[in-house]
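Visitor: Here the protein sequences come in this chain order: A and B. The first sequence lines up with residues 37 to 150 when you count with this note's numbering. The second sequence lines up with residues 37 to 147 when you count with this note's numbering. Idealized CB from N, CA, C, for every residue including glycine. Since this is a predicted model, take the numbers as computed values, not measurements. For reference, the structure I am asking about is given below.
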Amino acid sequence: DVKVTQSSRYLVKRTGEKVFLECVQDMDHENMFWYRQDPGLGLRLIYFSYDVKMKEKGDIPEGYSVSREKKERFSLILESASTNQTSMYLCASRTGGVSTGELFFGEGSRLTVL
Amino acid sequence: KQEVTQIPAALSVPEGENLVLNCSFTDSAIYNLQWFRQDPGKGLTSLLLIQSSQREQTSGRLNASLDKSSGRSTLYIAASQPGDSATYLCAVMNRDDKIIFGKGTRLHILP
Numbered sequence: 037d038v039k040v041t042q043s044s045r046y047l048v049k050r051t052g053e054k055v056f057l058e059c060v061q062d063m064d065h066e067n068m069f070w071y072r073q074d075p076g077l078g079l080r081l082i083y084f085s086y087d088v089k090m091k092e093k094g095d096i097p098e099g100y101s102v103s104r105e106k107k108e109r110f111s112l113i114l115e116s117a118s119t120n121q122t123s124m125y126l127c128a129s130r131t132g133g134v135s136t137g138e139l140f141f142g143e144g145s146r147l148t149v150l
Numbered sequence: 037k038q039e040v041t042q043i044p045a046a047l048s049v050p051e052g053e054n055l056v057l058n059c060s061f062t063d064s065a066i067y068n069l070q071w072f073r074q075d076p077g078k079g080l081t082s083l084l085l086i087q088s089s090q091r092e093q094t095s096g097r098l099n100a101s102l103d104k105s106s107g108r109s110t111l112y113i114a115a116s117q118p119g120d121s122a123t124y125l126c127a128v129m130n131r132d133d134k135i136i137f138g139k140g141t142r143l144h145i146l147p
């Protein structure tokens, strides 16, 4: 069974703290993605990676960075958390090559920044 | 620029009914279209993926169709059950490799 695992389901942090959100997939997928989901705004792409050591900015990268040191792991970093980063964060992965491209998501990480 | 629309935003139907959820997109040059289910506070669960060369896919009580020329996809749910209550999202993969999501239809099955 395919699996995308996000390390934390719920986090509460204070403004200015550094936050790490970890995502691990066991499907040997090349492509990995980080989205945030907010009511009324839908899913918005933060960063994505097509392979190890590669990263690309999505639609809303400001205030975030990512790391992909190993193929199975894609980390989202908030260098200095702010209240407007309170959101549901969703990690996804898929195999490389757009002809297949089924997207699999993790369970989500609900971050609250106080 | 690709836009994906799901109407209505919310839908309530009695248990046992068959129902259709709609997804429309503005640019027909797509690689595939995927339907997801999302329960409150959870991630997205993949239901069906339709490649651009296909017209439909089936899984159990679910059937998804794709009409690229009209920019439409439908998700048909047969014999609805209370456990089908969730938000259903569609996502289109463009030929520029961007994935565009609709905002979803929130479905409530009345017992």
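So with CB distances below 7 Å, who are the chain A contacts of Asn-68/B?
Guide: Within chain A, the residues near Asn-68/B are Gly-137.
Visitor: Based on DSSP bridge pairs, tell me the residues matched to Val-102/A.
Guide: According to DSSP, Val-102/A bridges with Leu-112/A.
Visitor: What's the call for Thr-41/B, buried or exposed, on a 16-neighbour Cβ count within 10 Å?
Guide: Thr-41/B should be labelled exposed.
Visitor: Let's see if you can read the secondary structure: which residues bound the beta strand (DSSP E) around Ile-82/A?
Guide: Looking at the DSSP string, the run of the beta strand (DSSP E) that includes Ile-82/A is 78-85.
Visitor: Expressed to the nearest angstrom, what Euclidean distance is found between the alpha-carbon atoms of Lys-160/B and Val-128/B?
Guide: Residue 160/B is absent from the structure shown; chain B starts at 37 and stops at 147.
Visitor: So which residues of chain B does Gly-132/A contact, with C-beta pairs closer than 8 Å?
Guide: Per Cβ cutoff of 8 Å: no residues; Gly-132/A is ~11 Å from chain B at best.
Visitor: Would you please verify whether the beta carbon of Leu-79/A is less than 7 Å from any beta carbon of chain B?
Guide: Closer than 7 Å: yes.
Visitor: State whether the region 60-71 of chain B contacts the region 123-130 of chain A, with contact taken as three or more CB pairs (one from each stretch) at a distance under 8 Å.
Guide: These segments do not touch.
Visitor: Keeping to the same chain, check which residues put their C-beta closer than 8 Å to that of Ser-95/B; ignore five residues upstream and five downstream.
Guide: Correct list, in chain order: Leu-83 and Leu-84.
Visitor: Shorter than 7 Å from the beta carbon of Phe-110/A to some beta carbon of chain B?
Guide: Not one chain B Cβ lies under 7 Å of Phe-110/A.
Visitor: Work out the CA separation of Met-90/A and Arg-131/B for me, nearest whole Å.
Guide: Computed Cα separation, rounded: 21 Å.
Visitor: Can you tell me whether DSSP reads Thr-81/B as helix, strand or coil?
Guide: Three-state result, Thr-81/B: strand.
Visitor: Which residues share a DSSP beta bridge with Asp-74/A?
Guide: BP columns for Asp-74/A point to Gly-78/A.
Visitor: Which same chain residues end up closer than 7 Å to Ala-122/B when comparing Cβ atoms and leaving out the 5 residues on each side of it in sequence?
Guide: Taken in chain order, the residues that qualify are Arg-73, Gln-74, Asp-75 and Leu-143.
Visitor: What would DSSP say about Asn-120/A, mapped onto helix, strand or coil?
Guide: Here Asn-120/A sits in helix by DSSP.
Visitor: Taking the alpha-carbon positions, what's the Glu-92/B to Ile-86/B distance?
Guide: So the two alpha carbons sit approximately 7 Å from each other.
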